[in-house]
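Undergrad:
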Amino acid sequence: MLLKVRSDFDSLSKKVNGKDLIYFDSAATTLKPNRVVEAIEDYYKNHNSNVHRSPHTLAGEATTMYEDARDAVANFINAKREEVIFTKGTTESLNSLAYSLSKDLNGEVLISTLEHHANFVPWQQLFDNVIYYDAENGVFNEEKYLKLVNKNTSLISITGQSNVTGQEINIKNLVLKIRKINKDVIIVLDGAQLIPHSKIDVKELDIDFLAFSGHKMLGPMGIGVLYGKKYILEKMKPFLYGGEMIDQVSIEKTTFNVLPYKFEAGTPNVGGAIGLAEAIKYLESLNVNEVYSHIKELTSYAIKKLSELDFLDVYGTKDTNHNSLISFNVKNVHPHDVANLLNDLYGIAIRSGHHCAQPLMKNLNVHSTCRASFYIYNTLEEIDVLIEGLKKVNKILG
Amino acid sequence: MSIEDLYTDIILDYAKNKKFKKEIKNAWHEHGKNLSCGDELELYVKLEDGVIKDASYTGHGCIVSQASASIMCESIKGKKLSEAKKIVQNVLNMAQGNEYNEEVVGDIEIFEDISNYPMRVKCFTLSWHTFDTVLKNAEVKKDD
């Protein structure tokens, strides 16, 4: 069922070389609904102030709005409000976590070559004992992955969905199996690509940490979330030191604020948090199941249509676990040239490059790919235009 | 300006022409890469008495970067280092949409429109920046 939301996005009225914009780059960042832009504007016009500091009216309004945003996030992922830490985005969430844990964890850390760099490099750089699961042809195999989990595994960080192959991983099932092997392992979910179209319930999934960005789920850039189980967050040392995260500071010693403020040093991105909360309200108004069905319908249609083009290489699985984005290459044509022609001739915005996932590029035996990613405002007709565009590109350069 | 202005037949011919796509033994060798897209270039420049006797490249990239490397090798072959330096400076100016000397740039002017494609400028300049590094290294060597 396609969603009737296009009028909520002014960006979609943009013309590119006289053509209607077709935005297939939502895995990089989504377009923003007008009400999110208006919520941010309203904050900066009417309520802007620093938070948690002064007793004046504006400070009170800003603080209330900021903390209401935290409640909105907490409800969205089924967490306690003190478990929701605002960050700049997925990258900062994962880096902060890795830094905070790096001195206290002694066992093995398990990551995979499916990860984008934000969920690969911090662990690689900060931990001595990292175990790598190497996906075959970019496909995650649960059985082979679980063979790498043992009693000595201290942390596992895994994506909920690859940003290159679009493969969704059954996290609930995976966590259950991991816990059977080692109940104490810390499980981190990178939800950057999954949360825009899937319900993530941290309690139901029984994950210890969740990282995601606002800008991939209709919110503004520069705001993200690190969720963590309260009892672990309480034991963890903060990574960033500064204003608001302290309790008492003296020459002799510093003690820290309560959760979640212990992990939110400095002036936060209040406007960003308000924008994210508005995005959540908007997504909830659409119904998460309908959002999921819509993205699924678009993806299935696109996989079917793209697979019919014999001049394309399509990466990843062709099953129902493949969702929301598709990576491909036009044979013998560089992805940049494909993306440039699609943009200039058809107004189609796709991503080309290594998608900040070089280990996976190596795994797929390519340097880079084209990636078309779909979201709530896309239509089946737009995918037809992509197919037409790819045929044209192949005619010109193939 | 349309995309056809960028993907002219001449540029496509340069990109597909393998004449300069090879390794040269015992030559100055420099590695260039565009970090954001993963394109890489190996540039080989054979110098004799301050003259570029031969130039070639290997690596992978889009049509713009491959054609640019190909036409660059053709343009600098046989030039003195001082002449090549002038070409690099003017070509980089052209790519940025700044003033440049048409005579010095010569046939490379077919890429004049690249400045209108800001996302492709780095594809075009990869080989030129790599060559610029070769020139700077050659100068350091000369001063040693």
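These protein sequence lines are chains A and B, in that order.
Our numbering numbers the first residue of the first sequence as 1 and each following residue consecutively.
Our numbering numbers the first residue of the second sequence as 399 and each following residue consecutively.
Even glycine gets a Cβ: it sits at the ideal position worked out from N, Cα and C.
Taking only beta-carbon atoms, is ASN340/A less than 8 Å away from chain B?
TA: For the purposes of this step, residue 340/A is taken as residue 340 along the first sequence, with counting starting at 1. Cβ-Cβ to chain B under 8 Å: yes for ASN340/A.
Undergrad: Starting from the C-beta of TYR515/B, find all residues in its chain whose C-beta is less than 7 Å away, skip the five residues before and the five after it, and write them out in chain order.
TA: Here residue 515/B is taken as the residue at index 117 of the second sequence, counted from 1. LEU404.
Undergrad: To the nearest whole angstrom, what separates the beta carbons of GLU410/A and ASN129/A, a pair I think is in contact under 8 Å?
TA: Because chain A spans 1 through 398 in this model, residue 410/A falls outside it and cannot be assessed.
Undergrad: State buried or exposed for GLU501/B, treating a residue as buried only when at least 16 other CB atoms are found within 10 Å of its CB.
TA: On the second sequence, residue 501/B is found 103 positions in, with the first residue counted as 1. Label assigned to GLU501/B: exposed.
Undergrad: Considering only residues of the same chain and omitting the five flanking positions on each side of ILE295/A, which have a CB-CB separation below 8 Å?
TA: Indexing the first sequence from 1 puts residue 295/A at position 295. Contacts found: HIS197, ASN323, SER324, PHE374, TYR375 and ILE376.
Undergrad: Alpha carbon to alpha carbon, what distance is there between ILE195/A and TYR282/A?
TA: Mapped onto the first sequence, residue 282/A falls at position 282. Mapped onto the first sequence, residue 195/A falls at position 195. Those two C-alpha atoms are separated by around 14 Å.
Undergrad: How big is the Cα-Cα spacing for PHE212/A and GLY191/A?
TA: Residue 212/A sits at position 212 when you count from the first residue of the first sequence. Residue 191/A sits at position 191 when you count from the first residue of the first sequence. Near 5 Å, if we compare the C-alpha coordinates of GLY191/A and PHE212/A.
Undergrad: Report the residues of the segment 414-434 of chain B with a CB closer than 8 Å to any CB of chain A, ordered along the chain.
TA: Within the segment 414-434 of chain B, the residues whose Cβ lies closer than 8 Å to some Cβ of chain A are SER434, listed in chain order.
Undergrad: On a CA-only basis, which of SER96/A, ASP8/A, ILE131/A and VAL366/A is nearest SER154/A? Give me that one, please.
TA: Looking up residue 154/A in the first sequence gives position 154. Of the listed residues, the one whose Cα sits closest to SER154/A is ILE131/A.
Undergrad: Quick check on the DSSP output: what are the complete alpha helix (DSSP H) runs of length 4 or more inside the segment 38-94 of chain A, in order along the chain?
TA: Entirely contained in the segment 38-94 of chain A, the alpha helix (DSSP H) runs reaching 4 residues are, in chain order, 57-77.
Undergrad: Beta-carbon of HIS458/B versus every beta-carbon of chain A: anything under 8 Å?
TA: Looking up residue 458/B in the second sequence gives position 60. Chain A, which has a Cβ nearer than 8 Å to the Cβ of HIS458/B, makes this yes.
Undergrad: So, helix, strand or coil for LEU2/A, using DSSP?
TA: Translated into positions along the first sequence, residue 2/A becomes position 2. DSSP places LEU2/A in coil when its eight states are reduced to three.
Undergrad: By the DSSP assignment, the beta strand (DSSP E) with VAL330/A in it spans what residues?
TA: Here the question's residue 330/A lines up with position 330 in the first sequence. Unbroken beta strand (DSSP E) run through VAL330/A: 325-330.
Undergrad: Just the Cα atoms here: how many angstroms apart are GLY448/B and HIS427/B?
TA: Here residue 448/B corresponds to residue number 50 of the second sequence, with the count starting at 1. Here residue 427/B corresponds to residue number 29 of the second sequence, with the count starting at 1. Computed Cα separation, rounded: 16 Å.
Undergrad: Hey, quick one: how far does the beta strand (DSSP E) through GLU446/B stretch, first residue to last?
TA: Locating residue 446/B in the second sequence gives position 48, counting from the first residue. Here the beta strand (DSSP E) through GLU446/B covers 437-446.
Undergrad: Is the beta carbon of THR528/B closer than 8 Å to that of GLY430/B?
TA: Residue 430/B sits at position 32 when you count from the first residue of the second sequence. Residue 528/B sits at position 130 when you count from the first residue of the second sequence. Closer than 8 Å, so yes.
Undergrad: What residues are listed by DSSP as bridge partners for GLY271/A?
TA: Translated into the one-based positions of the first sequence, residue 271/A becomes position 271. GLY271/A pairs with nothing; no bridge assigned.
Undergrad: Output needed in chain order: residues of the segment 467-497 of chain B with a Cβ under 7 Å from some Cβ in chain A.
TA: Residues passing the 7 Å Cβ filter: none.
Undergrad: Beta-carbon within less than 6 Å of ILE280/A's beta-carbon, same chain only, minus the 5 sequence neighbours each way: which residues are those?
TA: Taking the first sequence and counting its residues from 1, the one referred to as residue 280/A is at position 280. The residues are ALA72 and PHE76.
Undergrad: Given that a residue counts as buried once 16 or more other Cβ atoms are within 10 Å of its Cβ, and exposed if not, what is VAL333/A?
TA: Within the first sequence, residue 333/A is the residue found at index 333, counting from 1. VAL333/A is buried by the Cβ-count criterion.
Undergrad: Could you tell me which whole alpha helix (DSSP H) segments of length 4 or greater appear in the segment 125-183 of chain A?
TA: Entirely contained in the segment 125-183 of chain A, the alpha helix (DSSP H) runs reaching 4 residues are, in chain order, 142-146 and 171-181.
Undergrad: Name the two residues that bound the continuous alpha helix (DSSP H) containing GLU507/B.
TA: Your numbering for residue 507/B matches position 109 in the second sequence. From DSSP, GLU507/B is part of no alpha helix (DSSP H); its letter is neither H nor E.
Undergrad: Of all the alpha helix (DSSP H) runs that stay within the bounds of the segment 230-277 of chain A, which reach a length of 4 or more residues?
TA: Qualifying alpha helix (DSSP H) stretches, in chain order: 230-235.
Undergrad: Identify the contact partners of GLY353/A in chain B, using a Cβ-Cβ distance below 8 Å as the criterion.
TA: Within the first sequence, residue 353/A is the residue found at index 353, counting from 1. Going along chain B in sequence order, the residues near GLY353/A (Cβ under 8 Å) are SER434, CYS435 and GLY436.
Undergrad: Please look up how many angstroms separate the CB atoms of THR113/A and ALA135/A, rounded, as I've assumed it's under 8 Å.
TA: Position 113 of the first sequence, counted from the first residue, corresponds to residue 113/A. Position 135 of the first sequence, counted from the first residue, corresponds to residue 135/A. The Cβ separation is near 5 Å, so the contact holds.
Undergrad: With 8 Å as the threshold, decide whether the Cβ of MET361/A is near any Cβ in chain B.
TA: If you number the first sequence from 1, residue 361/A lands on position 361. So, interface residue.
Undergrad: So, at 8 Å on beta carbons, what are the nonlocal neighbours of GLU284/A in its own chain, with the 5 sequence-adjacent residues on each side left out?
TA: Translated into the one-based positions of the first sequence, residue 284/A becomes position 284. These residues qualify, in order along the chain: PHE76.
Undergrad: Mind checking the segment 507-539 of chain B against chain A and listing, in chain order, the residues whose C-beta falls within less than 8 Å of any C-beta there?
TA: Within the segment 507-539 of chain B, the qualifying residues are TYR515, MET517, ARG518 and CYS521.
Undergrad: I need the DSSP call for LYS478/B, collapsed to helix, strand or coil.
TA: Against the second sequence, residue 478/B aligns to sequence position 80. Of the three classes helix, strand and coil, the one that applies to LYS478/B here is strand, per DSSP.
Undergrad: My understanding is that ILE156/A touches VAL164/A, with C-beta atoms under 8 Å, so please give their C-beta distance in whole angstroms.
TA: Along the first sequence, one-based indexing puts residue 156/A at 156. Along the first sequence, one-based indexing puts residue 164/A at 164. With a Cβ gap of about 20 Å, ILE156/A and VAL164/A do not count as contacting.
Undergrad: Could you confirm whether any beta carbon from chain A is found closer than 8 Å to the beta carbon of ILE401/B?
TA: Here residue 401/B is taken as the residue at index 3 of the second sequence, counted from 1. By this cut-off, ILE401/B is an interface position.
Undergrad: Can you have a look at ARG351/A and say buried or exposed, based on whether 16 or more other CB atoms are within 10 angstroms of its CB?
TA: Counted from its first residue, the first sequence places residue 351/A at position 351. Its Cβ being crowded by 16 or more others within 10 Å, ARG351/A is buried.
Undergrad: If you reduce the DSSP assignment to three classes, tell me which class ALA28/A lands in.
TA: By 1-based counting over the first sequence, the position of residue 28/A is 28. ALA28/A: coil per DSSP, three-state reduction.
Undergrad: Sort GLY504/B, ASP437/B and SER513/B by Cα distance to ASN491/B and report the nearest one.
TA: Within the second sequence, the letter at position 93 stands for residue 491/B. The option with the nearest alpha carbon to ASN491/B is SER513/B.
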